[in-house]
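Residue numbering for the sequence shown follows our numbering, starting at -7 and increasing by one per position.
Where is the CB? At the ideal position from N, CA and C, for every residue including glycine.
Computed from a predicted model, the values in this text were never measured in an experiment.
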Amino acid sequence: MSINKYISDVKHIDHNQQIVFDYLSNFENLSEYLNPEIIEKITKQVPQIKITDFESDRDSCRFNLTGLGLAEVKIVEREPFKTIKVESSGSLPLSMVFWIQLLPVTAFRTKMRLTLHADFSTMLKMLLGDKLNDGINQLADKLANLPYK
C-alpha cells in the first residue's frame, strides 16, 4: 500500500463562506446529487465498479462497490467555515482522507480546494491513479456549482 496525494485546482464559489460550509458539511444535502443518472456516469468512468445501495445521513454516507465491498465515508472534523475532513471506512482495499478547504474572498465569494490522500495497492493505483487526478478536479467543479441555499 502507498499513500497518494491528489489536489484540485482552486475553485471560486459565488456564495458566502458560511453558507458553503454549512451545505457541504451535511451529507444529506449531497445525496440528492447522487441519483441513478449521476451514479451511472461515475461507473462509466470505471466500468469494473458499480455503485449500489447508496444511503446517507448528516455525518456519513454508505454504498456498495460491486466486486470491492461496502464503502463508507464519514465527516470526522468540522472547523467552522474553513475545513471539512472526511475519512473512509468499510471493507474496501483502500483508505482515504479527504479535506474540503474554504477561504473567503469577499463577503459573497469563497475559494475552495479539495485534497485527497488515498492509500491503496499498486494494482488499484494502476486502475484509478490517472482517473483520480481528473476526478478530484471534476468533483471540485461539481461542488463549486451546486445551488447553495
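Where does the unbroken alpha helix (DSSP H) through Asp49 begin, and where does it stop?
-> Locating residue 49 in the sequence shown gives position 57, counting from the first residue. Asp49 -> no alpha helix (DSSP H), and no H or E assigned at all.
So Leu94 and Phe13 are in contact, right, with Cβ under 8 angstroms, and what is the actual spacing, rounded?
-> In the sequence shown, the residue the question calls residue 94 occupies position 102. In the sequence shown, the residue the question calls residue 13 occupies position 21. Sure, about 6 angstroms apart at Cβ, within 8 angstroms.
At which residue ranges does the region 81 to 111 contain complete alpha helix (DSSP H) runs of 4 or more residues, listed in the order of the chain?
-> Counting whole runs of 4 or more residues, the region 81 to 111 contains no alpha helix (DSSP H) stretch at all.
By the 10 Å Cβ neighbour count, where 16 or more other Cβ atoms means buried, how is Met88 classified, buried or exposed?
-> On the sequence shown, residue 88 is found 96 positions in, with the first residue counted as 1. With 16 or more other Cβ atoms inside 10 Å of its own Cβ, Met88 counts as buried.
With respect to the beta strand (DSSP E) encompassing Leu62, which residues constitute its N-terminal and C-terminal limits?
-> In the sequence shown, counting from the first residue as 1, residue 62 sits at position 70. 61 to 71 is the span of the beta strand (DSSP E), which, as asked, contains Leu62.
Applying the criterion that 16 or more other CB atoms from any shown protein chain within 10 Å of the CB defines a buried residue, is Met104 buried or exposed?
-> Here residue 104 corresponds to residue number 112 of the sequence shown, with the count starting at 1. Met104 comes out buried.
Assigned secondary structure, Thr114 (DSSP; H/G/I helix, E/B strand, else coil) | For the purposes of this step, residue 114 is identified with residue 122 of the sequence shown, where counting begins at 1. Under the three-state reduction of DSSP output, Thr114 falls in the helix class.
Please confirm if Cys53 has its CB atom under 7 angstroms from at least one CB of chain B.
-> In the displayed structure, chain B is absent; only one protein chain is listed.
Please name the residue, chosen from Ala63, Leu60, Ser80, Asn129, that lies closest to Glu69 on a Cα-to-Cα basis.
-> Position 77 of the sequence shown, counting from 1, holds the residue named residue 69. It is Ser80 whose Cα lies nearest to the Cα of Glu69.
Could you tell me which residues DSSP pairs with Lys77 in its beta bridges?
-> Here residue 77 corresponds to residue number 85 of the sequence shown, with the count starting at 1. Glu69, Trp91, per the DSSP bridge assignment.
Using the DSSP secondary-structure output, state which residues sit across from Tyr(-2) in a beta bridge.
-> In the sequence shown, counting from the first residue as 1, residue -2 sits at position 6. In the DSSP output, where bridge partners are listed per residue, Tyr(-2) has Leu108.
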